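**Student:**
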Amino acid sequence: MHELLTTIEASALATFLRESTSVWAYPTVLMLHTVGLALLVGLNAAFDLRLLGIGRGVPLEAIETWFPVMWIGFWLNLVTGVLLFVTDPIRLGTTTVFISKLGIVAAGVVLIPLLQRAVYGAGAGPGQAPRIPPAARAYAVLSLLIWTAAIVTGRLMAYVSEI
Amino acid sequence: MEQFKAWLDAALASTAWDETLIAFLHSTALSQWVVNGQWVWPIAETLHFIGLALLIGIIAPLDARLIGFMPRVPIAALHRLVPWAIGGFALCLATGLIFFVGTPEQYVLNESWWMKILFLAIAGANMLAFETTQRRRADALPAGAPTPPAFKVIGSLSLASWFLVLYWGRMLPFAVGASF
Chain A
0 MHELLTTIEA SALATFLRES TSVWAYPTVL MLHTVGLALL VGLNAAFDLR LLGIGRGVPL
60 EAIETWFPVM WIGFWLNLVT GVLLFVTDPI RLGTTTVFIS KLGIVAAGVV LIPLLQRAVY
120 GAGAGPGQAP RIPPAARAYA VLSLLIWTAA IVTGRLMAYV SEI
Chain B
0 MEQFKAWLDA ALASTAWDET LIAFLHSTAL SQWVVNGQWV WPIAETLHFI GLALLIGIIA
60 PLDARLIGFM PRVPIAALHR LVPWAIGGFA LCLATGLIFF VGTPEQYVLN ESWWMKILFL
120 AIAGANMLAF ETTQRRRADA LPAGAPTPPA FKVIGSLSLA SWFLVLYWGR MLPFAVGASF
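Residue numbers (numbering that gives the first Met the number 0), protein chains in the order written: chain A, 0 to 162; chain B, 0 to 179.
Written as structure tokens, this is what we have:
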């Protein structure tokens, strides 16, 4: 495992991302990771709040379009996240904070289709009205907690050094 | 108060107001607390990011609606989420002030920070323009109706300026004058 991390750390891509002084290298990757966060977590939070009763007048059938945008945020962050990991794999790959973050994000991502299905129904045809069953409310609360934890662990990654 | 007066006098007398401001902020107890407290900075940063997600997660759909997406959603209904965006902004502002008071030299001398402030001001003025001139029309707009050009302009400007606030914020450690 450590050998693999060492190989990644020494790779040309990692070296480029670490050492390039171009604004298009590390700074842009980091910035896009924040944009992805805003889309994925931000829209998730707004949707969760709607399920929990804030902004009741927002018709549920009109905001299923937020889900593809959340997925754009997710894929953006998967790609930029891999690039950020590659710049510092030995430190990150051996810290509990980073490994926890991966688990937390995975849980959050699994919740997205659960949330969508609970509200809009599995393969629901047109004409089936969206609803907010108790399960959807539970998912919403869980989702808010999980994404908060993802941000907490994500930020803490900048402060830990365990090798 | 006396300290503030001394600072103001010095600031007015000096052309190097930025250095005077930096020195003054460093002399405050708040600044010492921010710099010396082991957890202050990481916690403030985390809250800054949570605030950012709330703010953008709510303002972006509202802007998209103003531009013309999701026509079935009444703008007034989306507006009911806005207090949470304001809460997110308040979190960002409070934690932003903590960063600023802690290490003012990282910001005042950083061109990225000035860009961030510029786009914050644009986003704020744009929001004010919407609230004062268009809000009534927005609330009266029936669901499904196309949005007028003024809405599209304000929505696009808002989306662009909030993105640029985030952009320049993220560029803070890499910009000319940065000392992170």
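Each residue gets a CB set at the ideal place from its N, CA and C atoms; glycine is no exception. None of the values given here were measured: they were computed from a predicted structure.
(1) Flag residue 194(B) as yes if its beta-carbon sits less than 8 Å from any beta-carbon of chain A, otherwise no.
(2) Measure the alpha-carbon distance for residue 21(A) versus residue 163(B) and round it to whole angstroms.
(3) Compare the C-beta of residue 211(B) against all C-beta atoms of chain A and say whether one is closer than 8 Å.
(4) Quick one: which chain B residues come within Cβ less than 8 Å of residue 131(A)?
(5) So which residues on chain B does residue 154(A) lean against when the C-beta distance must stay under 7 Å?
(6) With distances taken from CA atoms, which of 58(B), 38(B), 167(B) is nearest residue 111(B)?
(7) How would you label residue 1(A), buried or exposed, when you count the other beta carbons within 10 angstroms and need 16 or more for buried?
(8) How many angstroms separate the CA atom of residue 41(A) from the CA atom of residue 98(B)?
(9) Report the residue from 117(B), 38(B), 77(B) whose alpha carbon sits nearest the alpha carbon of residue 56(A).
(10) Of the residues that make up the region 90 to 108 of chain A, which ones have a beta carbon closer than 9 Å to any beta carbon in chain B?
(11) Could you check what DSSP says for residue 46(A) in three-state terms: helix, strand or coil?
(12) Return the first residue and the last residue of the alpha helix (DSSP H) that residue 52(B) is part of.
(13) How many Å lie between residue 17(A) and residue 154(A) at the Cα?
(14) Using CA atoms only, rank isn't needed, just tell me which of 74(B), 53(B), 15(B) is closest to residue 104(B).
(15) Where does residue 120(A) fall in DSSP's three states?
(16) Kindly give me the distance between the Cβ atoms of residue 110(A) and residue 141(A), rounded to whole angstroms, as I take these residues to be in contact under 8 Å.
(17) Any idea if residue 127(A) is buried or exposed, counting beta-carbon neighbours within 10 angstroms, 16 or more meaning buried?
(18) At 8 Å on the CB atoms, spell out the chain B contacts of residue 65(A), in chain order.
(19) State the Cα-Cα distance for the pair residue 24(A) and residue 139(A), rounded to the nearest angstrom.
(20) Taking residue 4(B) and residue 66(B) to be in contact with their CB atoms under 8 Å, please state how far apart those CB atoms are, rounded to whole angstroms.
(21) For residue 139(A), go through chain B and note every residue whose CB falls closer than 9 Å to its CB, in chain order.
(22) Taking a cut of 8 Å between CB atoms, which residues from the region 30 to 46 of chain A lie near chain B?
(23) Express the C-alpha separation of residue 99(A) and residue 134(B) in angstroms, rounding to a whole number.
(24) Tell me which residue opens and which closes the alpha helix (DSSP H) that residue 155(B) is part of.
(25) List the endpoints of the continuous alpha helix (DSSP H) containing residue 87(B).
(26) Give the range of the alpha helix (DSSP H) segment to which residue 69(A) is assigned.
(27) Measure the alpha-carbon distance for residue 8(A) versus residue 27(A) and round it to whole angstroms.
(28) Could you check whether the Cβ of residue 118(A) sits closer than 8 Å to any Cβ belonging to chain B?
(29) Among 126(B), 24(B), 68(B), 140(B), whose alpha-carbon lies nearest the alpha-carbon of residue 106(B)?
(30) Between residue 76(B) and chain A, is the shortest Cβ-Cβ distance under 8 Å, so that the two count as touching?
(31) Three or more beta-carbon pairs under 8 Å between the region 54 to 64 of chain B and the region 81 to 95 of chain B, yes or no?
(32) Does the CB of residue 166(B) have a neighbour CB from chain A at under 8 Å?
(33) Show which residues of chain B have a CB atom less than 7 Å away from the CB atom of residue 61(A).
(34) I need the boundaries of the alpha helix (DSSP H) containing residue 106(B), first residue and last residue.
**Tutor:** Result, derived from the coordinates:
(1) Because chain B here runs from 0 to 179, residue 194(B) falls outside it and cannot be looked at.
(2) Sequence index remark: in the first sequence, residue 21(A) carries index 22 (1-based). Sequence index remark: in the second sequence, residue 163(B) carries index 164 (1-based). Each residue's Cα considered, the two are about 19 Å apart.
(3) Since the first residue of chain B shown is 0 and the last is 179, residue 211(B) is not available in this structure.
(4) Position 132 of the first sequence holds residue 131(A). The contacting residues do not exist; residue 131(A) stays about 15 Å from chain B at best.
(5) Start at 1 with the first residue of the first sequence, and residue 154(A) comes out as number 155. Here the neighbours are 41, 44, 45, 48.
(6) For the purposes of this step, residue 111(B) is taken as the residue at position 112 of the second sequence. Residue 167(B) is the option with its Cα nearest to residue 111(B).
(7) Taking the first sequence and counting its residues from 1, one reaches residue 1(A) at position 2. Looking at its Cβ environment, which holds fewer than 16 other Cβ atoms inside 10 Å, residue 1(A) is exposed.
(8) The residue given as residue 41(A) occupies position 42 in the first sequence. The residue given as residue 98(B) occupies position 99 in the second sequence. Straight-line Cα distance between these residues: approximately 23 Å.
(9) Start at 1 with the first residue of the first sequence, and residue 56(A) comes out as number 57. Among 117(B), 38(B), 77(B), the Cα nearest to that of residue 56(A) belongs to 77(B).
(10) none
(11) Against the first sequence, residue 46(A) aligns to sequence position 47. Looking at residue 46(A) - three-state DSSP - the assignment turns out to be helix.
(12) To locate residue 52(B), count along the second sequence from 1; it is residue 53. Start and end: 39 to 66.
(13) Taking the first sequence and counting its residues from 1, the one referred to as residue 17(A) is at position 18. Taking the first sequence and counting its residues from 1, the one referred to as residue 154(A) is at position 155. Cα to Cα, the separation comes out at about 19 Å.
(14) Your numbering for residue 104(B) matches position 105 in the second sequence. Ranking 74(B), 53(B), 15(B) by Cα distance to residue 104(B) puts 15(B) first.
(15) Your numbering for residue 120(A) matches position 121 in the first sequence. Correct three-state label for residue 120(A): coil.
(16) Working through the first sequence from its first residue, we reach residue 110(A) at position 111. Working through the first sequence from its first residue, we reach residue 141(A) at position 142. Rounded, the Cβ-Cβ distance is 6 Å, consistent with contact.
(17) Taking the first residue of the first sequence as 1, we reach residue 127(A) at position 128. Flag for residue 127(A) reads exposed.
(18) Along the first sequence, one-based indexing puts residue 65(A) at 66. Within chain B, the residues near residue 65(A) are 60.
(19) Along the first sequence, read from residue 1 onward, the residue named residue 24(A) stands at position 25. Along the first sequence, read from residue 1 onward, the residue named residue 139(A) stands at position 140. Taking the straight line joining both Cα atoms gives about 36 Å.
(20) Counting from one through the second sequence, the residue named residue 4(B) turns up at place 5. Counting from one through the second sequence, the residue named residue 66(B) turns up at place 67. No, residue 4(B) and residue 66(B) are not in contact; Cβ-Cβ is about 49 Å, not under 8 Å.
(21) Counted from its first residue, the first sequence places residue 139(A) at position 140. Here the premise fails: no neighbours, minimum Cβ distance about 13 Å.
(22) 30, 33, 34, 36, 37, 38, 40, 41, 42, 43, 44, 45
(23) As a working note, residue 134(B) is residue 135 in the second sequence. As a working note, residue 99(A) is residue 100 in the first sequence. Distance between the alpha carbons of residue 134(B) and residue 99(A): 44 Å.
(24) Position 156 of the second sequence holds residue 155(B). 148 to 169 is the span of the alpha helix (DSSP H), which, as asked, contains residue 155(B).
(25) By one-based count along the second sequence, residue 87(B) stands at place 88. Looking at the DSSP string, the run of the alpha helix (DSSP H) that includes residue 87(B) is 81 to 101.
(26) Position 70 of the first sequence, counting from 1, holds the residue named residue 69(A). Residues 65 to 86.
(27) Along the first sequence, read from residue 1 onward, the residue named residue 8(A) stands at position 9. Along the first sequence, read from residue 1 onward, the residue named residue 27(A) stands at position 28. So the alpha carbons of these two residues sit roughly 19 Å apart.
(28) Locating residue 118(A) in the first sequence gives position 119, where the first residue counts as 1. No, its Cβ sits nowhere closer than 8 Å to a Cβ of chain B.
(29) Mapped onto the second sequence, residue 106(B) falls at position 107. Ranking the options by Cα distance to residue 106(B), first place goes to 24(B).
(30) For the purposes of this step, residue 76(B) is identified with residue 77 of the second sequence, where counting begins at 1. By this cut-off, residue 76(B) is an interface position.
(31) yes
(32) Taking the first residue of the second sequence as position 1, residue 166(B) is located at position 167. By this cut-off, residue 166(B) is an interface position.
(33) Position 62 of the first sequence holds residue 61(A). Residues of chain B passing the Cβ test: 69, 71, 72.
(34) Position 107 of the second sequence, counted from the start, is the residue given in the question as residue 106(B). Counting along the chain, the alpha helix (DSSP H) containing residue 106(B) begins and ends at 104 to 107.
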